[in-house]
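**Student:** Residue numbers for the sequence shown follow UniProt numbering, beginning at 1 and rising by one. Mind having a look at this structure? Questions to follow.
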Amino acid sequence: MSSSASAPFSGKVAAITGGGSGIGLALAQSIARGGGSVLLAGRSLDKLRTAAATLRGPVEVLTLDVSDPGSGKTLVATAIERFAQLDIVVANAGVYLPGDVREIDPVAADALVRSNVSGVIATVAAAAAHLAAQGTGDILVTSSVSGHQAIHWEPVYSASKHAVQAFVRGVRRQLVGSGVRIGAVAPGVVLNDLWNATDERQREADVAAGLGMYSEDVAEAMVFMLTRPRHVQIRDLVILPVNQEI
Numbered sequence: 001m002s003s004s005a006s007a008p009f010s011g012k013v014a015a016i017t018g019g020g021s022g023i024g025l026a027l028a029q030s031i032a033r034g035g036g037s038v039l040l041a042g043r044s045l046d047k048l049r050t051a052a053a054t055l056r057g058p059v060e061v062l063t064l065d066v067s068d069p070g071s072g073k074t075l076v077a078t079a080i081e082r083f084a085q086l087d088i089v090v091a092n093a094g095v096y097l098p099g100d101v102r103e104i105d106p107v108a109a110d111a112l113v114r115s116n117v118s119g120v121i122a123t124v125a126a127a128a129a130h131l132a133a134q135g136t137g138d139i140l141v142t143s144s145v146s147g148h149q150a151i152h153w154e155p156v157y158s159a160s161k162h163a164v165q166a167f168v169r170g171v172r173r174q175l176v177g178s179g180v181r182i183g184a185v186a187p188g189v190v191l192n193d194l195w196n197a198t199d200e201r202q203r204e205a206d207v208a209a210g211l212g213m214y215s216e217d218v219a220e221a222m223v224f225m226l227t228r229p230r231h232v233q234i235r236d237l238v239i240l241p242v243n244q245e246i
């Protein structure tokens, strides 16, 4: 096996929001195994430190709330400060809110939009400015199958992911010719913290039944997106458990 195949992220630096658990941590572990350096960002310092301990290779942590309008610039500046470069930015942080809209707390709905939409915009805007200036780089956004069709039991969450899909597609057009790629991965049911999947036996049973996926399954798809030749861009990747009906 060639060194590039065994270490596809050698010499690369990735900044990942929501990096303390779930898909963000699984991707960070894959990048670290592939020779990359990682900045893990999230709201809980304890969770970030625990996550960082599972990575091999250079890793730094940053407490950050993506709902803060300045969070994107802080993320990029910290990566440059700690590693002197930045090649990959993953806008992965987000929150989940199901329920009938007639019963949803407007404060909770507003917090979701600030994290899932405004947070993505802030992260991507800062990343795009930096990466375009250097003429190369990758931006990935964690979306959802809920952004490709309206799911009635989670209308606020679904609306936020529809916004993310539109945003990614618009930004891709703006970045044509810049050397920067942007894409969105849209998972179905992922049995992690966001889904509140805490029972390991139940999680294994659901995965075996094709009703859910592990965070690592999604991370593997994201690695595929990041490691395509530079003349190839994957704008959208939908990944579902084999027996998920939606």
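Just so it is clear, CB atoms sit at the ideal spot from N, CA and C, and this is done for glycine as well.
1. Is it the case that the segment 42 to 52 contacts the segment 62 to 76, given that we only count it when at least three CB pairs across the two stretches are under 8 Å?
2. Report yes or no: do the segment 95 to 107 and the segment 70 to 77 share at least 3 C-beta pairs separated by less than 8 Å?
3. Tell me where the beta strand (DSSP E) around A15 begins and ends.
4. Run the CB neighbour count on N116, radius 10 Å, all protein chains shown included, and call it buried at 16 or more, exposed below.
5. Is the segment 53 to 62 in contact with the segment 104 to 122, if contact means three or more CB pairs nearer than 8 Å?
6. If you draw a straight line from the C-alpha of I80 to the C-alpha of A209, how long is it?
7. Assess contact between the segment 25 to 33 and the segment 125 to 139, defined as three or more Cβ pairs (one per stretch) separated by less than 8 Å. Is contact present?
8. Am I right that V156 and L112 are in contact with their C-beta atoms under 8 Å? What's the rounded C-beta distance?
9. In terms of DSSP beta bridges, what is D138 paired with?
10. For T31, name the three-state secondary structure that DSSP assigns.
11. So what does V120 bridge to, in DSSP terms?
12. Can you find the residues in the same chain that come closer than 7 Å, C-beta to C-beta, to L194, ignoring five residues on each side of it along the sequence?
13. Would you mind reading off the limits of the beta strand (DSSP E) that contains S37?
14. Between the Cα of L237 and the Cα atoms of N243, E245, V223, P229, which residue gives the shortest distance?
15. By Cβ distance below 7 Å, which residues in the same chain neighbour V38 in space, the five residues on each side in sequence not counted?
16. For Q165, count the other beta carbons within 10 Å of its own beta carbon; 16 or more makes it buried, fewer makes it exposed. Which is it?
17. For E60, list the residues DSSP reports as bridge partners.
18. Between S2 and T136, what straight-line distance do the alpha-carbon atoms span, to the nearest angstrom?
19. Report buried or exposed for S158, applying the criterion of at least 16 other Cβ atoms within 10 angstroms of its Cβ.
20. Extract the residue ranges of the alpha helix (DSSP H) inside the segment 158 to 235, only unbroken runs of 4 or more that lie entirely within it.
21. Taking a contact to mean a Cβ-Cβ separation below 8 Å, would you say M213 touches V190 in this structure?
**Tutor:** Looking at the coordinates:
1. yes
2. no
3. 13 to 17
4. Label assigned to N116: buried.
5. no
6. Between I80 and A209, the C-alpha separation is close to 44 Å.
7. no
8. 6 Å
9. I88, R181
10. The question names Thr, but residue 31 is Ile in the sequence shown. Three-state DSSP puts I31 in a helix.
11. In DSSP, V120 forms no bridge with anything.
12. G22, Y96
13. 37 to 42
14. V223
15. Cβ within range, chain order: A14, I16, A28, I31, A32, L55, V59.
16. buried
17. Answer is L39.
18. Unreliable placement is indicated for S2, whose pLDDT of 46 sits below 50; the coordinate value is still reported in the next sentence. In a straight line, the C-alpha of S2 is about 23 Å away from that of T136.
19. buried
20. 200 to 208, 215 to 226
21. yes
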